[in-house]
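Reading through the structure tokens given below for one structure.
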Amino acid sequence: DAKTTQPPSMDCAEGRAANLPCNHSTISGNEYVYWYRQIHSQGPQYIIHGLKNNETNEMASLIITEDRKSSTLILPHATLRDTAVYYCIVRVMGTSGSRLTFGEGTQLTVNP
Amino acid sequence: KAGVTQTPRYLIKTRGQQVTLSCSPISGHRSVSWYQQTPGQGLQFLFEYFSETQRNKGNFPGRFSGRQFSNSRSEMNVSTLELGDSALYLCASSWGSYSPNSPLHFGNGTRLTVT
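Just so you know, the protein sequences line up as chains A and B, in that order.
Here the numbering used here = 1-based position in the first sequence + 89.
Here the numbering used here = 1-based position in the second sequence + 211.
Written out as structure tokens, the structure is:
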């Protein structure tokens with residue numbers, strides 16, 4: 090699976106949009122971008138995934154650049170409960186099965 | 212719908228002992244995978260089971276093993292515990308197909324401390 094690069098930490102004001110970037114410049118055509126987050130002492134929580142189109146669900150939006158070398162996770166109205174480590178993962182569907190390669194992630198801190 | 216359930220939540224063992232951790236997947240999910248999380252190594256894949264068969268394996272010694280039952284519940288076992296095995300052990304389940312629309316859903320883990 091391709092390597093991802095994320096900033097180690099970010100801050101966001103409560104109620105504002107949080108934009109978390111991820112670089113995956115070596116992504117291949119059949120690799121999907123997944124985002125998970127982990128709140129302290131809990132298991133990672135699935136947020137969203139996409140291939141090349143922008144995606145939106147009840148939790149967040151995912152913007153993938155046209156060349157697919159980077160993406161941005163957007164939390165439209167961040168709350169204190171969104172404080173967590175956010176992981177960007179690229180995953181090829183197929184023999185890798187449920188094997189996810191987690192990097193260091195971004196520690197997002199939402200401030201009141 | 213109940214999420215992934217892991218038991219026990221906390222466990223303290225002595226070096227040299229063995230331990231068994233349990234995972235009940237989300238109803239209908241047939242794939243169960245295990246991950247180890249430590250401060251130094253982060254989240255690392257241990258293995259995956261699908262239909263009672265190990266489908267994928269990470270780079271861990273043979274002391275780490277697992278199995279899956281016909282109802283998709285899974286257990287992992289660590290024998291001859293070492294201090295370095297202290298970690299949060301996470302179980303994740305999914306439908307099991309290789310479809311991208313089958314994301315993993317994680318439990319809250321078992322915190323193992325080896326003394």
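Beta carbons are placed, not taken as given, at the ideal position from N, Cα and C, and that holds for glycine.
Remember, predicted model here, so these are calculated numbers, not experimental data.
Can you check DSSP and say which residues form a bridge with residue i?
{"i": "lysine 268/B", "result": "Phe258/B"}
{"i": "asparagine 288/B", "result": "Thr231/B and Ser276/B"}
{"i": "lysine 158/A", "result": "Answer by DSSP bridge pairing: none, since lysine 158/A is not bridged."}
{"i": "isoleucine 137/A", "result": "Trp124/A"}
{"i": "serine 305/B", "result": "Ser242/B"}
Skipping 5 residues on each side, what residues in its chain have a beta carbon closer than 7 Å to that of residue i?
{"i": "valine 289/B", "result": "Gln229, Val230, Arg274, Phe275 and Asp296"}
{"i": "leucine 292/B", "result": "Lys224, Arg226, Gly227, Gln228, Gln229, Val230 and Val325"}
{"i": "lysine 268/B", "result": "Phe258"}
{"i": "threonine 189/A", "result": "The sequence as given places leucine at residue 189/A; threonine does not occur at that position. Cβ within range, chain order: Ile178 and Arg180."}
Cutting at 6 Å between CB atoms, please list the residues of its own chain near residue i, excluding the five before and the five after it.
{"i": "threonine 198/A", "result": "Asp100 and Thr172"}
{"i": "leucine 140/A", "result": "Tyr121"}
{"i": "serine 150/A", "result": "Ile163"}
{"i": "leucine 299/B", "result": "Gln248, Gly320 and Arg322"}
{"i": "serine 313/B", "result": "Ser305 and Trp306"}
Going by alpha carbons, who is nearest to residue i out of the options?
{"i": "valine 179/A", "options": "Leu169/A, Thr168/A, Lys158/A and Gln196/A", "result": "Lys158/A"}
{"i": "leucine 257/B", "options": "Pro314/B, Ser310/B and Glu286/B", "result": "Glu286/B"}
{"i": "tyrosine 260/B", "options": "Ser233/B, Gly307/B, Leu301/B and Thr216/B", "result": "Gly307/B"}
{"i": "glycine 192/A", "options": "Leu254/B, Tyr246/B, Thr218/B and Ser235/B", "result": "Leu254/B"}
{"i": "glutamine 279/B", "options": "Val243/B, Leu294/B, Cys302/B and Thr216/B", "result": "Val243/B"}
{"i": "aspartate 302/B", "options": "Pro250/B, Phe317/B and Ser310/B", "result": "The amino acid occupying residue 302/B in the given sequence is cysteine; aspartate does not appear at that position. Closest option to cysteine 302/B, Cα to Cα, is Phe317/B."}
{"i": "tyrosine 123/A", "options": "Thr161/A, Glu147/A and Asn200/A", "result": "Thr161/A"}
{"i": "asparagine 143/A", "options": "Ala102/A, Gln131/A and Ile152/A", "result": "Ile152/A"}
Here's a check: name, in chain order, each residue in its chain whose Cβ is nearer than 8 Å to the Cβ of residue i, leaving out the five neighbours to either side.
{"i": "arginine 106/A", "result": "The amino acid at residue 106/A is misidentified as arginine; the sequence shows alanine. If we look at alanine 106/A and ignore the five residues flanking it on each side, its Cβ neighbours are Ile163, Leu164, Pro165, His166 and Ala167."}
{"i": "histidine 129/A", "result": "Ala173"}
| message | Suppose only complete runs of 3+ residues qualify. What are the beta strand (DSSP E) ranges in the region 91 to 126 of chain A, listed by chain order? | response | 98 to 102 and 107 to 112
| Do the region 259 to 274 of chain B and the region 212 to 223 of chain B touch if we need at least three Cβ pairs shorter than 8 Å? | The region 259 to 274 of chain B is not in contact with the region 212 to 223 of chain B.
| Three-pair Cβ contact test at 8 Å for the region 238 to 245 of chain B versus the region 277 to 284 of chain B | As far as the Cβ criterion goes, the region 238 to 245 of chain B touches the region 277 to 284 of chain B, which means the pair count is three or higher.
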